[in-house]
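In our numbering, the protein residues as written are 205 to 696. C-beta: ideal position from N, C-alpha, C; glycine also. What you are looking at is a predicted structure, and each value in this text was computed from that prediction instead of being measured.
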Ligand SMILES: C[S@@+](CC[C@H](N)C(=O)[O-])C[C@H]1O[C@@H](n2cnc3c(N)ncnc32)[C@H](O)[C@@H]1O
């Protein structure tokens, strides 16, 4: 590639900025603009585009733009992160939130904890939480921990999976902590396998991907960290993402942004609290939680990104796929499921079951809703009841497998997936989950094969067709996600 690329004409530059904003939420900063011509030229050479116009048109189409968009994303996202960043927040977690949650869960007999780092870069933030938990949880092995890191940059995710860092990422850690949780290989630090295995990483674009979903493990979270992601975002695109975070939290769950990410716009259902100088949002319905000071926060600290210039052009979005007609004898339950109103699903199922008796379909719907509410043991029981009535339903096996993963019962999850695939060897979602599970269990070759199978099958289906069990996800998008997951693990 040449060292210098000719500048992009203003119209092309504007096209590229809008495209980045629309597909990732990111507003590029003035200092990043000088690099864009070189990035575009590099992409054209790498992927064989005649000129910048052809490359941009391809990105604009947005369907098959995977490696091409990935190339750009890897070069424009700011992935700066390090272990034990943000002392104040960690003090809040260590001294207030974690002790309260652990105590509350201990007393209620619930031994599960679900934490998600959204925009996790190379994993430093979620591994920091894994370290805190391993040091604070009484008998950590008796807990079912779901620690998830997601990002849009697959190069960062590959590094997170490798779990290897230079001294620069360790700059806020002391020698004792490094010795306890890392192996040192020359000047590289590798996170110890016990911690590595606690954390799952996957691709998720906060702007384009639907969440919460059971399939992506983003439902019923106790804590979401999304630090230093929104500072690069278009302010207008933040509230819908915040609303989805709200939906991903359990009642009483917390969302923590970085100090410069706080948004001025109130989000219904999210209360702003502060603890000393640390701000956090709490999903306000349900349990009363005592950790945060509940005085109204001082003026929000939102720092708007520079105004876009000129104003963004309206972009015509393709119409969403029409919802499939409801064929179930329980259309009201299906409607509530599609609206992701999990509480209402449980109530409706109970009402119908009290009137006409429970059947396999109702039990399956209830299992799914309970799992999305984070009530995994209850969900497992409903799944079992459903299978006792309809032992040939591949979807119930898939739901059961997802629940077993959440409960840390990986062997049972694998058994359920085997049954689902026995019933339908072309079941894309089961191949996908099987691949993720095999990779998590260290069966790398088998895992990659299962993900490739899933991709091959997904590519044969209508890209606009809805994926069962995953509201808002179509097979075209699932195929894109699978390509990214494969890329992440192949780079490892
Ligand atoms: C500065 S890093 C923050 C890392 C970590 N949260 C921390 O505070 O140390 C911002 C991360 O957000 C990710 N990101 C940016 N836009 C995103 C999007 N639309 N969806 C998901 N991740 C995104 C970037 O790839 C980058 O890894």
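Going by DSSP, residue 406 is part of no alpha helix (DSSP H) but of the beta strand (DSSP E) stretching over 403–407.
For residue 385, same chain residues with a beta-carbon under 7 Å away, outside a window of 5 residues either side, are 335, 395, 396, 399 in chain order. In this structure, DSSP gives residue 672 a state outside helix and strand, which the three-state scheme calls coil.
Taken atom to atom, the span from the alpha-carbon of residue 605 to that of residue 572 is near 11 Å. The alpha-carbon of residue 262 is positioned some 17 Å away from that of residue 683. Non-local beta-carbon contacts of residue 469 in its own chain, meaning distances under 7 Å to residues more than five positions away in sequence, involve 443 in chain order. For residue 457, no alpha helix (DSSP H) run applies; the uninterrupted beta strand (DSSP E) run containing it begins and ends at 453–461, by DSSP. When the beta-carbon positions are compared, residue 364 and residue 287 stay at least 8 Å from each other. When the five nearest sequence neighbours on each side are left out, the beta carbons in the same chain lying within less than 8 Å of the beta carbon of residue 536 are those of 552, in order along the chain. Residue ranges of uninterrupted alpha helix (DSSP H) with 4 or more members are absent from the stretch 413–448; none lies entirely inside it.
Taking every protein chain shown into account, the CB of residue 639 has 16 or more other CB atoms within 10 angstroms, so this residue is buried. Taking 7 Å as the cut-off, one finds no heavy atom of ligand 1 near enough to the beta carbon of residue 554. In the structure shown, residue 231 falls within a coil segment according to DSSP collapsed to helix, strand and coil.
Each of 674, 661, 681 was checked against the Cα of residue 668, and the nearest Cα belongs to 681.
With respect to the 8 Å criterion, residue 329 and residue 431 are classified as neighbours on the basis of their beta carbons. With a threshold of 16 other beta carbon atoms within 10 Å, residue 625 meets it and is buried. In this structure, DSSP gives residue 543 a state outside helix and strand, which the three-state scheme calls coil. In the assembly as shown, residue 247 is a buried residue. Its beta-carbon has 16 or more other beta-carbons within 10 Å. Listed in chain order, the non-local C-beta contacts of residue 691 below 6 Å within the same chain comprise 358, local neighbours out to five positions each way being set aside. For residue 467, no beta strand (DSSP E) run applies, since DSSP gives it neither H nor E. In the structure shown, the three-state DSSP call for residue 317 is strand.
Here the alpha carbons of residue 591 and residue 284 stand approximately 47 Å from one another. Across the structure, residue 566 and residue 429 are spaced so that their CA atoms are roughly 35 Å apart.
Taken through DSSP and simplified to helix, strand or coil, residue 483 comes out as strand. The beta carbon of residue 417 sits no closer than 7 Å to any heavy atom of ligand 1. Per DSSP, reduced to three states, the secondary structure at residue 377 is coil, with no helix or strand assignment.
Annotation for residue 328 indicates a beta carbon within 7 Å of some heavy atom of ligand 1. Spatial neighbours of residue 419 in its own chain (CB-CB distance under 6 Å, excluding positions within 5 residues in sequence) are listed in chain order as 674.
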